[in-house]
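The numbering of the sequence shown is this note's numbering, which starts it at 102 and goes up by one. Idealized CB from N, CA, C, for every residue including glycine.
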Amino acid sequence: MNTRTIRVLSCGAKYGAPPEDADLLVDCRGFENPHYDPKLRPKTGAAKAVRQFMEAAENTGEMRQALAALLNAWLPGILTRSSYHRNKDVLLVFKCTGGKHRSRYFAIEVAQAARHIIALHPEWGKVEVVVNHRDKASRES
């Protein structure tokens, strides 16, 4: 059986449109922005301080639960049933303004949730989850 890949991408809207081939696009700009905290501005959504900020922000917990529920409902069809995804990568895209804090945080969270769900279903075969941050170089140079 072939390895299937779920690609999770974070990106910043100010650096261009998200990929047109996204299977799911989540706009994270409605969440409080760590950019406006001078201590958090240089950090990314992977940093502990930014993660704590996001986890304390209004509606973040609800969004994480909603995304996990979406994956639980959606992945079985994508990974096991006859669908056009059966032989191609699945692309989940998270965007915010700069692609550094909010979208990166949610991309990491969703990748972890997807890995957890996949681990519970060995019958799905080999499924790899890969996280990329499109605008990393432009944000950290």
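CB contact flag (residue i, residue j, <9 Å)
i	j	result
residue 236	residue 178	no
residue 109	residue 212	yes
residue 168	residue 154	no
residue 133	residue 181	no
Option nearest residue i by Cα separation, candidates the options
i	options	result
residue 173	222, 113, 104 and 111	222
residue 160	125, 131 and 227	131
residue 117	196, 154 and 162	196
residue 205	190, 111, 107 and 106	111
residue 146	136, 202, 134 and 233	202
residue 163	228, 107, 105 and 207	207
residue 165	119, 209, 106 and 234	209
residue 115	234, 198 and 214	198
residue 107	151, 119 and 124	124
Collapsed DSSP secondary structure at residue i in the structure displayed
i	result
residue 161	helix
residue 173	helix
residue 121	coil
residue 130	coil
residue 202	coil
residue 108	strand
residue 217	helix
residue 240	Because residue 240 carries a pLDDT of 47, less than 50, the predicted location of this residue cannot be relied on, and the following value inherits that uncertainty. Looking at residue 240 - three-state DSSP - the assignment turns out to be helix.
Buried or exposed (CB count within 10 angstroms, at least 16 for buried), residue i
i	result
residue 121	exposed
residue 103	exposed
residue 231	exposed
residue 170	exposed
residue 241	Unreliable positioning characterises residue 241 in this predicted model, as indicated by a pLDDT of 48, which lies under 50. A coordinate reading is not provided.
residue 217	exposed
residue 214	buried
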